[in-house]
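**Student:**
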Amino acid sequence: MVEYVASANFSLMALCKLVGTWYHGETLRTLMISIMTDWMTSTNNWERNTMLNIAKRGRTLSVRCFVTMTGTVTFYICLNLLKFYRSVHQPQRNLVYRFSYPYNTQNTPNYEITFFTQLSGGMYSAMINCTIDTFISILVLHICAQLINLRMALNNLVDELAKGSISSSRFKKGLIAITIRHEHLIRNANTVDKCYSAVLFVHMLAATFQLCFESFQVFTIITSHLGIPIIKITFLSFYFSLVLTHLYFYCYSAEKLSTEPRRNLVYQLEIIQKSPNYEITYIIQLFGGAYSVFANYMIDSFVSVLVLHICSQLINLRLTMNNMVNELANNSISSSRKERFKKDLAAIVVRHEHLIRNAKTIDSCYSSLLFMNILLAILQMCFIAFQIFTVYLNYIFNPIRQWLWIFGIWPDPQIPLNEFRRPSIRFIIVMCSVSLYVFGPQMINVIRAAGSVTRMVENFSSANFSMLAVCKLLVTWYHGKTLQSLIKSIMTDWMISTKEWERNTMLEITRSGRNLSFKCCAFAASSIICHISLQLLRFFKTIHQPERNLIYRIETIQKSPNYEITYFIQLFGGIYSAFANGVIDSFVSMLVLQVCAQLINLRTMLNNLVNKLANKSISSLTFREDLAAIVVRHDHLIRTAKTIDGCYSSVLFVHVLSTTFQMCFITFQVFTSTRMAYGVYECKWYDLSSKDAKNLMFIVHRSRIPLKLTAGKFGTFSLEMFGPFYEITYFIQLSGGAYSILANYTIDSFVSILVLQVCAQLINLRTTLNNLINELVSKSISSSRFREGLAAIAVRHNHLIRYVREYLAHDISII
């Protein structure tokens, strides 16, 4: 059915295109006249060069299309002529396309005429598809060339006006002509779309089905192991290329048509920069920004001055009232002065009311404005903080964050803490896929393979990788709250670092971590691609066999769709294992590197602080305050490093057994913490007083023990650790190779001696038999003596045969 639909599909496309072109013949004739007119009326060299360049591209695509079509038609004719010659003399002869005609197609010449008519019809279908597709694409590309010429004409017109070469009225006339020409090209494009829109819809739909059908046919050929001739495979390849070429032809021309109109009536950047509008706009924007800054500053200052003036008047009023009350309390005024006190007190009340009215007036004038100012300032700070938070979070942990989110274990700082203990559905799916379908079957196979060291090692090596993935996923999910606080701390460090050298240090360390993360992800992706390719190849080879094996053997699962579902779940489980190991290793490395960056910044701050004190730029009191802040910050970083170690120490102990190079290289940089002590020696401590230099000894004492990332308290990750592991492994492998050579040589020699011993006995037995026969011939022994000797030789021969079968057969089978 698929074969018949695939054949009918191609001829359906040809029929639709042929009918559509015939039906719109008058409209297309008008378009052709317009194209010829464009070529005849283009007098400028740049216009003709543009049209020629676009036409060359169209011709190149047309030639490719016709070459593919010619190859397809050639193999189509060869296949069918071979079919014709094979069945021409048979009683039941097959046509190119089977059909029940109203006449007998088996008689001559009906069969020959029908066969070659169908053959010609198939050739016409291919040629019609190729020709009309090329015709439509050439029409579209010609419109694109005219749009490019129109854009160039517009640019030249604007340049001439900017240089003063033409007047304003001349510019308007040229612009009107360009607009009319643009509308004409739009009508042409709409005409092409109207003529072939329905046909192209059928083409896209039919081409999609055609590719599906052809892919299904290829899949059937591969999986069914059919003996298909090479000429038919070549025909399918050309046919597939032909369909894709036609699709590309349409997509290329349509892309050119969709992009050119958007670029047509828009100034280029060079034109804008050459025109006076650029300088005017630039200066207006520059002064506009300055006006905004000055307006904010001046109005804020004006409101502040008004408020401060009222405050000064209130202070004066309070002092005046205090003086008056003191004079009255000291009885230093007469009765006449008491009357004066009352009058002055009334004046103070009146003045106070006046100031209150002034304050209320200022409040009523600027209350809403100040509310908006505070609201916008808070929102501005929030937006800036969120932007910094998001940008640096993406920069530091991208693409780690996306994969941890897929696994359902990303410690998102924006999620409430109470939601971390609730595992997401993604985490459950990944854990079930890896543990139940990858790790579990392999460990069961290890137990079942007890007694066979080779099978046990093979199964355990596969289970080891998935076991690491399970451990890392569980630990990262379990410590979600702790890791969330670490992420928040890292983001806070990025947001509060305002100095350029601090940010440069953090960016440099982060860039190193990102490079290592990308390398790790690239290696994981390469391994996964090879793993998928091998397993899919294995799947397609065994899909039709009675005994089908899974990737990781569980029980006998042979029924469909149980086999297919289990197979692909195990495939995805292996993919999850690889990505989980790579991503979580990169995540831990990035956490450690961020601590390293902060330690470097802290050491630089300590050096700068000591230098300032040595240069007398700061006082001893300021030095001690800043030193206390550095100590507090150092404590915080120590707690952070211990938190990372507490979260992943047990996992890294398991990981160290599989010797990972990346963690050894990354965490070597944790020893940056010991350089806090070096920072004290590097600074100008000798210019300080003994009291201030004594304070620095606390930093040295705290930095003597380096921060570390441990493997279950049994070892510390470093390059020194990696070196002995490498050396021990190297010498073990070297000794193992030597033992293998000696064992092979010794056992081979032993077996050879046994075989040669048997050969020597057989030679002796043959010689004895020859001597016995010679003695019987020469009458030296009697017939009875001969039979006794022959029986002894037969017994000896049977003994040698049993010896070979019993003692040598086992060793030879091992060899």
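Sequential numbering of the sequence shown, starting at 815, is according to our numbering. Note that beta-carbon positions come from the ideal geometry of N, C-alpha and C, so glycine has one too.
Have a look at R1215 and G1294 and give me their C-alpha separation to the nearest angstrom.
**Tutor:** 14 Å
**Student:** Figure out for me which residue from H956, C1009 and M937 has the closest Cα to the Cα of G839.
**Tutor:** Nearest of H956, C1009 and M937 to G839, Cα basis: C1009.
**Student:** S1340 lies in the alpha helix (DSSP H); which residues open and close that run?
**Tutor:** E1314 to T1356
**Student:** Excluding sequence positions up to five away, which residues of its chain have a Cβ less than 7 Å from the Cβ of R1362?
**Tutor:** Once the five neighbours on either side are set aside, the close Cβ partners of R1362 are T1356, Q1372 and Y1377.
**Student:** Return the first residue and the last residue of the alpha helix (DSSP H) that F929 is part of.
**Tutor:** N924 to K977
**Student:** Could you give the residue range of the alpha helix (DSSP H) that holds H838?
**Tutor:** Taken as a continuous stretch (DSSP letters only), H838 belongs to no alpha helix (DSSP H), as it is neither H nor E.
**Student:** Going by DSSP in three states, E1361 sits in which element: helix, strand or coil?
**Tutor:** coil
**Student:** Sorted by chain position, which residues of the same chain lie with C-beta nearer than 7 Å to I1615's C-beta, five sequence neighbours on each side aside?
**Tutor:** none
**Student:** From the DSSP output, in three-state form, read off D1399 for me.
**Tutor:** In the structure shown, the three-state DSSP call for D1399 is helix.
**Student:** Would you report the Cα separation of L1420 and I1432, rounded to the nearest angstrom?
**Tutor:** 13 Å
**Student:** Quick check on this structure: which residue in H1450, S1178, S1299 and L1169 has the alpha carbon closest to the alpha carbon of L1122?
**Tutor:** L1169
**Student:** Around the Cβ of G1327, are there at least 16 other Cβ atoms within 10 angstroms (buried) or fewer (exposed)?
**Tutor:** G1327 should be labelled buried.
**Student:** With H, G and I counted as helix, E and B as strand and the rest as coil, what does DSSP make of G1222?
**Tutor:** coil
**Student:** Determine the direct distance from the alpha carbon of A1109 to that of S1115, and round the result to whole angstroms.
**Tutor:** 10 Å
**Student:** Which value, in whole angstroms, describes the spacing of the CA atoms of Q1359 and F1353?
**Tutor:** 10 Å
**Student:** DSSP three-state label for N1130, please.
**Tutor:** helix
**Student:** Among D1158, C1125, Y1111 and V1119, which has the Cα closest to the Cα of T1134?
**Tutor:** Checking every option, the nearest Cα to that of T1134 belongs to D1158.
**Student:** If the criterion is Cβ atoms closer than 8 Å, does the pair V1468 and C1285 meet it?
**Tutor:** Against a cut-off of 8 Å, the Cβ pair of C1285 and V1468 comes out as a contact.
**Student:** Spatial neighbours of N1078 within its chain, please: C-beta separation below 7 Å, excluding the five flanking residues on both sides.
**Tutor:** Only weak support exists for where N1078 lies, its pLDDT of 41 falling under 50; the value from the coordinates is given anyway. Result list for N1078: L961, L964, R965 and H996, in chain order.
**Student:** Please classify N1259 as buried or exposed, where buried requires at least 16 neighbouring CB atoms within 10 angstroms.
**Tutor:** Buried, because 16 or more other Cβ atoms sit within 10 Å of the Cβ of N1259.
**Student:** If you draw a straight line from the alpha carbon of N909 to that of L953, how long is it in whole angstroms?
**Tutor:** First, the amino acid is wrong: residue 909 is Leu here, not Asn. Each residue's Cα considered, the two are about 38 Å apart.
**Student:** Along the alpha helix (DSSP H) that carries T1306, what are the first and last residues, could you check?
**Tutor:** G1294 to I1310
**Student:** So, for L1583: in the same chain, excluding its five sequence neighbours on each side, which residues have a beta-carbon less than 7 Å away from its beta-carbon?
**Tutor:** Taken in chain order, the residues that qualify are I1607.
**Student:** Return the CA-CA distance between T948 and W853, expressed in angstroms with no decimal places.
**Tutor:** 19 Å
**Student:** Take every Cβ of the region 922-937, pair it with every Cβ of the region 899-913, and state whether three or more of those distances are shorter than 8 Å.
**Tutor:** yes
**Student:** Taking 8 Å as the threshold (C-beta atoms), are M1245 and L1287 in contact?
**Tutor:** yes
**Student:** Compute the Euclidean distance between the alpha carbons of I1444 and L1350, then round it to the nearest angstrom.
**Tutor:** 58 Å
**Student:** Report yes if the C-beta distance between L955 and R871 is below 8 Å; otherwise report no.
**Tutor:** yes
**Student:** If we count the other Cβ atoms within 10 Å of its Cβ and call it buried at 16 or more, is A1191 buried or exposed?
**Tutor:** exposed
**Student:** Please report the distance separating the alpha-carbon of D1399 from that of R1367.
**Tutor:** 29 Å
**Student:** Is A1263 helix, strand or coil when you go by DSSP?
**Tutor:** Three-state DSSP puts A1263 in coil, outside helix and strand.
**Student:** Do G1387 and S1247 have their C-beta atoms within less than 8 Å of each other?
**Tutor:** yes
**Student:** For N1612, which three-state DSSP category applies?
**Tutor:** helix
**Student:** What residue does the alpha helix (DSSP H) around Y899 start on, and which one ends it?
**Tutor:** N859 to S901
**Student:** Report, in whole angstroms, the separation of the C-beta atoms of D1440 and L1423, which I expect to be a contact under 8 Å.
**Tutor:** 5 Å
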